[in-house]
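Using this note's numbering, the first residue of the sequence shown is number 53, and each one after it goes up by one.
Here the structure comes first, spelled out in structure tokens, and everything after it is commentary.
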Amino acid sequence: MSRYRSSRYSRYDRYSFFPPRKSKGERIADADKKIKALAKKGVKLSPVTLEGSKIAKTFWGKAWCDNIESYRDYAYRLERGRSYVRSNSIIDLVIGAGTINAQVMGSALYKVAVTVKPVPAAHWKTIRKVCAGKIGSLIELLRGHISEEVMAVMTAHKTGLFPSPSEIAFTCSCPDSATMCKHVAAAMYGIGHRLDTHPELLFLLRGVDTADLIASATTAPFTDGQPAGGETLAAEELADVFGVELDDTPAAAAPAVKRPRGRPRKAQAPAQAAPPAKRPRGRPRKAQEPAQAAPPAKRPRGRPKKG
Ligand SMILES: [Zn+2]
Numbered sequence: 053m054s055r056y057r058s059s060r061y062s063r064y065d066r067y068s069f070f071p072p073r074k075s076k077g078e079r080i081a082d083a084d085k086k087i088k089a090l091a092k093k094g095v096k097l098s099p100v101t102l103e104g105s106k107i108a109k110t111f112w113g114k115a116w117c118d119n120i121e122s123y124r125d126y127a128y129r130l131e132r133g134r135s136y137v138r139s140n141s142i143i144d145l146v147i148g149a150g151t152i153n154a155q156v157m158g159s160a161l162y163k164v165a166v167t168v169k170p171v172p173a174a175h176w177k178t179i180r181k182v183c184a185g186k187i188g189s190l191i192e193l194l195r196g197h198i199s200e201e202v203m204a205v206m207t208a209h210k211t212g213l214f215p216s217p218s219e220i221a222f223t224c225s226c227p228d229s230a231t232m233c234k235h236v237a238a239a240m241y242g243i244g245h246r247l248d249t250h251p252e253l254l255f256l257l258r259g260v261d262t263a264d265l266i267a268s269a270t271t272a273p274f275t276d277g278q279p280a281g282g283e284t285l286a287a288e289e290l291a292d293v294f295g296v297e298l299d300d301t302p303a304a305a306a307p308a309v310k311r312p313r314g315r316p317r318k319a320q321a322p323a324q325a326a327p328p329a330k331r332p333r334g335r336p337r338k339a340q341e342p343a344q345a346a347p348p349a350k351r352p353r354g355r356p357k358k359g
């Protein structure tokens, strides 16, 4: 493990294939250059771009990060990825069914591949059972507006939706990939960040279907302004919903705020008299509330404005 440190040679002397280390500033510049160069070639990238230092802000994103940080195996290795993700070194991250592919700018551009096993059928069955009748709608689920009981079963170690180390495998094209290198660690955090705006990808990643969950969880037909059939929302629509809600600018919250069904809320929804801000396309939205963490509920930012 400490084979590098115990040596009187630096790792670069012994392993000349290690490119020279780059400063954070150099990495940021390199990542930016690479994104532009690839864009010129028509390559479509999904970079992980943080605004501020918080990697994840919503229930799903935070729960992902909490989960990976909760395993001792990962703890100190993950640390190395945090500064990478914060310096926007992930120029591309794509979450698919059981896979995550990322390109991370380090001393060079490295390719990271992570595979995640699907949720075992028995675990999914338990999750569905616990959730039965307790999730108001897909939107509420994806917003993390779920009861503590539902939250507990979703986030349970080893039996919930979030994978444990034994269900995760990864590789990186860097020379340091024997263990979790900083590029993989960065990608792990990048997933958390991506789940903030695309929580539905967690379900895709784990091979389970939200529709399946909602169908078994709701007693009434799915008619709350959702598409017929209710299974899926168009990606664009989700982006709308989450783009508006997660903007982190309270003023961007939808003006007409209706309380969701279900559990009573302690804090009153801030009646933000948002300027007729960027109305989402499509049908009027009901059952929406400003971005707010699900219980343990934080107080909404700011105060209700009067006019
Ligand atoms: Zn690596």
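No residue lacks a Cβ here, since even glycine has one placed at the ideal position from N, Cα and C.
Every value quoted in this text rests on a predicted model; they were computed, and no experiment measured them.
Assuming contact is defined by CB atoms lying nearer than 8 Å, are residue i and residue j in contact in what I supplied?
i, j, result
"Met157", "Ser135", "no"
"Asn119", "Thr207", "yes"
"Ile147", "Arg246", "yes"
"Gly242", "Ala154", "yes"
"Ala149", "Gly244", "no"
"Pro71", "Ala173", "no"
"Tyr123", "Met232", "no"
"Tyr162", "Cys224", "yes"
"Ile198", "Leu265", "no"
"Val205", "Val171", "no"
"Ile191", "Leu213", "no"
Can you give me the Cβ contacts of residue i inside the same chain, cut-off strictly under 6 Å, excluding the 5 residues immediately before and after it?
i, result
"Phe222", "Val166, Val236"
"Lys80", "Per the sequence presented here, residue 80 reads as Ile, with Lys not at that position. So the qualifying residues of the chain are Ser139."
"Asp300", "A caution first: Asp300 carries a pLDDT of 39, below 50, which makes its placement in the model too unreliable to give a value."
"Ser216", "Lys210"
"Leu257", "Ile147, Val168"
"Tyr128", "none"
"Lys109", "Asp248"
"Arg132", "Lys234, Ala237"
Note down, in chain order, each residue of its chain lying with its Cβ closer than 7 Å to the Cβ of residue i, except the 5 sequence neighbours on either side.
i, result
"Ser98", "Asp144, Leu145, Val146"
"Ala239", "Ile142, Leu145, Ile152, Ala154, Val156, Val164, Val166"
"Glu283", "Confidence at Glu283 is low in this model, with a pLDDT of 40, below 50, so its placement is unreliable and the value that follows should be read with caution. Within the same chain, Glu283 has close Cβ partners Ala263."
"His175", "Thr211"
"Lys86", "Ile143, Met157, Leu161"
"Leu90", "Leu97"
"Val202", "Val182, Cys183, Lys186, Ile187"
"Ala83", "Asn140, Ser141, Ile143, Met157"
"Cys226", "Gly158, Tyr162, Cys233, His235"
"Pro105", "Sequence inspection shows Ser at residue 105; the Pro mentioned does not correspond to that position. Cβ neighbours of Ser105 beyond the five flanking positions: Arg138."
Please go through the same chain and pick out, in chain order, the residues whose beta-carbon is closer than 8 Å to the beta-carbon of residue i, but skip the five residues on each side of it.
i, result
"Glu219", "Val168, Lys169"
"Trp112", "Leu194, Gly196, Leu247, Asp248, Pro251, Leu254"
"Lys76", "Ser135, Ser139"
"Ile107", "Gly113, Cys117, Arg134, Val137, Arg138, Tyr241, Gly244, His245"
"Leu130", "Ile120, Glu121, Met232, Ala237, Met240, Tyr241"
"Leu102", "Val137, Arg138, Asn140, His245"
So is the beta-carbon of residue i under 7 Å away from any non-hydrogen atom of ligand 1?
i, result
"Asp228", "yes"
"Cys233", "yes"
"Cys183", "no"
"Tyr385", "This structure cannot speak to residue 385, because the chain is shown only from 53 to 359."
"Val205", "no"
"Val236", "yes"
"Ser224", "This sequence places Cys at residue 224; Ser is not what is there. Yes, the Cβ of Cys224 comes within 7 Å of a heavy atom of ligand 1."
### Query
Which parts of the segment 187-270 are runs of the beta strand (DSSP E), unbroken and 3 residues or longer, counting only runs that do not cross its ends?
Listed in chain order, they are 220-224.
### Task
Identify every run of the alpha helix (DSSP H) within the segment 80-134, keeping only runs that are complete inside it and at least 4 residues long; order them along the chain.
Listed in chain order, they are 111-121.
#### Entry: Minimum length 3: unbroken beta strand (DSSP E) runs contained in the segment 154-193
Scanning the segment 154-193 from its first residue to its last, the whole beta strand (DSSP E) runs of 3-plus residues come out as 161-168.
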